[in-house]
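Just so we're aligned: the sequence shown equals residues 98 to 170 in the working numbering. Beta carbons: idealized from backbone N, C-alpha and C, even for Gly.
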Amino acid sequence: MKRRDAGSIRERSKGRWEIRVELGQGPNGERKRKIVQFRGNKTEANKKLRELLTSLDKGIPISAQKTTFGQWL
């Protein structure tokens with residue numbers, strides 16, 4: 098059963114949304130979360146949030162850390 102507070106969206110400015118997904122707690126007890134910046138409308142932002150939550154439910158790892166350009170290469 099999915100937690101009620103597992104994710105949220107908020108409008109940062111017109112057409113820009115911030116999507117937050119709670120990933121649980123780290124080894125030292127601090128909260129881990131993934132924050133995604135998204136451009137589009139509210140319906141699309143809700144769809145992206147559902148996709149992220151579905152990935153978590155399926156066990157697909159979502160990293161809370163940002164990937165640097167050097168790591169990406």
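Ranking Gly104, Ile116, Ala103, Ile159 by CA distance to the CA of Gly137 puts Ile116 first. Gly167 is classed as exposed because its beta carbon has fewer than 16 other beta carbons within 10 Å across all chains shown. Put simply, of Thr140, Glu108, Leu120, Leu146 the residue whose alpha carbon is nearest the alpha carbon of Gly156 is Leu120.
When DSSP states are grouped into helix, strand and coil, Glu141 belongs to the helix group.
Per DSSP, Ile132 is one residue of the beta strand (DSSP E) stretching across 128-136.
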